[in-house]
Amino acid sequence: MDNNKRITGRKRLGLAVIGILLVGSASAQQPVEPPFIGAYRDVHPQMVTELFLLPDQRFCQRLRTPPVDLAVGGRWQSTDLYNGYHLSLQAESPYPSPYVLWASDDDPVSGKPFPRARRLTVDGQSFAGIGENTVLFGWSNRPALPDNLAPLFAPESRPEAIGGVFELDLPHSARYVFFAEGSAESGYRISQFDTGDQPYLWLRLEPGAWIRHAPMSAMFHHGHLQMQGTDFGEPASIDAEQRRHLERDCLNPKPADAPAPFVPQAEEYRSRLPVTNRQAAPRFWIQPAAGR
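In terms of this note's numbering, the sequence shown opens at residue 766 and continues consecutively.
Laid out in structure tokens, this is it:
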């Protein structure tokens, strides 16, 4: 064998070795999917809980307790432990406030009488999952906290009885609107909005508003996920159809053509409100607006 053939053979061998090394290096750089990735489901007579953990560190939690169907999305982080993982799940929101509030110049329902001043339309169904929380509502012509805060819904209306659409005519002076949520024991979180002067206001409560504040914790140990005292068992795979539904209904719930909601002008905590606020008559009972 002459020298040229020896050199050619060595080059081929060298290129083959380099190729193997490159393939091995690329494989080594690909992240290994954590074993807890997948879908979980827990079924009780009164509630079905589903949890979906995605490889891109997003999650969706779905709670179903008729008539409430609540979907909350967010991001997860994990910490390696001996024989397992600790997970922290932080819910996220595409909206600037739990109160999704916007204004318009007209009402899409034709044939309705024009409001004398302003009209607030409330999506009652969005409030069905607030549990024991009470939301108070009031308004003013200036940004100072008013003395007309009153519960939006009667206590006996919560949560499963609230449904339909509710309407409340407001005076011209109702430029600034206020929401307060909390209790005498824990204090109140107050949100203030400057809504301008358009005649129609629209309100709905963001899904999962009351469970977005503190992160949730979970443990994955010996192949099982445990969260909030529940053993969700082993993860199941998430197929393409499930992924599409998650993206649409939970991970990206804000429609692209949705109107821009108001950003709270101010948010504050107060240890208490005047007693008359909690004792005031609720704005709505269980009577949906006619014609909706």
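Glycine is no exception: its CB is placed at the ideal position from the N, C-alpha and C atoms.
Within the same chain, Tyr850, Leu852 come within 6 Å of Ser843 by CB-CB distance, once the 5 residues on both sides are set aside. A straight-line Cα-Cα distance of about 10 Å links Arg823 and Glu1012. If you ignore the 5 residues before and after Val813, its C-beta comes within less than 6 Å of the C-beta of Arg829, all in its own chain and listed in chain order.
The beta carbons of Phe997 and Tyr805 sit about 4 Å from each other, so the pair counts as a contact at 8 Å. Here Pro880 is near Asp934, since their CB atoms are less than 7 Å apart. Assigned with DSSP and collapsed to three states, Gly988 falls in coil, not helix or strand. Taking the C-beta atoms as reference points, Thr995 is found no nearer than 7 Å to Ala868. Note that the C-beta distance between Leu846 and Phe958 is not below 7 Å.
Short of 8 Å from the beta carbon of Trp841, and not among the five residues preceding or following it, lie these beta carbons of its own chain, in chain order: Leu818, Gln822, Arg823, Phe824, Leu852, Ser853, Leu854, Gln855. According to the DSSP secondary-structure assignment, Cys825 is paired through a beta bridge with Phe817, Gly838. Taking every protein chain shown into account, the CB of Gly903 has 16 or more other CB atoms within 10 angstroms, so this residue is buried. In the DSSP annotation of this structure, the continuous segment of the alpha helix (DSSP H) that includes Arg1009 starts and ends at 1005-1011. DSSP places Ser891 in the helix class (H, G or I) of the three-state scheme. Counting along the chain, Ala804 sits inside the beta strand (DSSP E) bounded by residues 803-808. In the three-state scheme derived from DSSP, where H, G and I count as helix and E and B as strand, Leu914 is classed as coil. Pairing Ala1001 with Leu990 gives a Cβ-Cβ distance that is not under 7 Å.
Closest option to Arg1008, judged by alpha-carbon separation, among Gly838, Asn906, Asn913: Gly838. A straight line joining the alpha-carbon of Ala893 with that of Thr899 spans about 11 Å.
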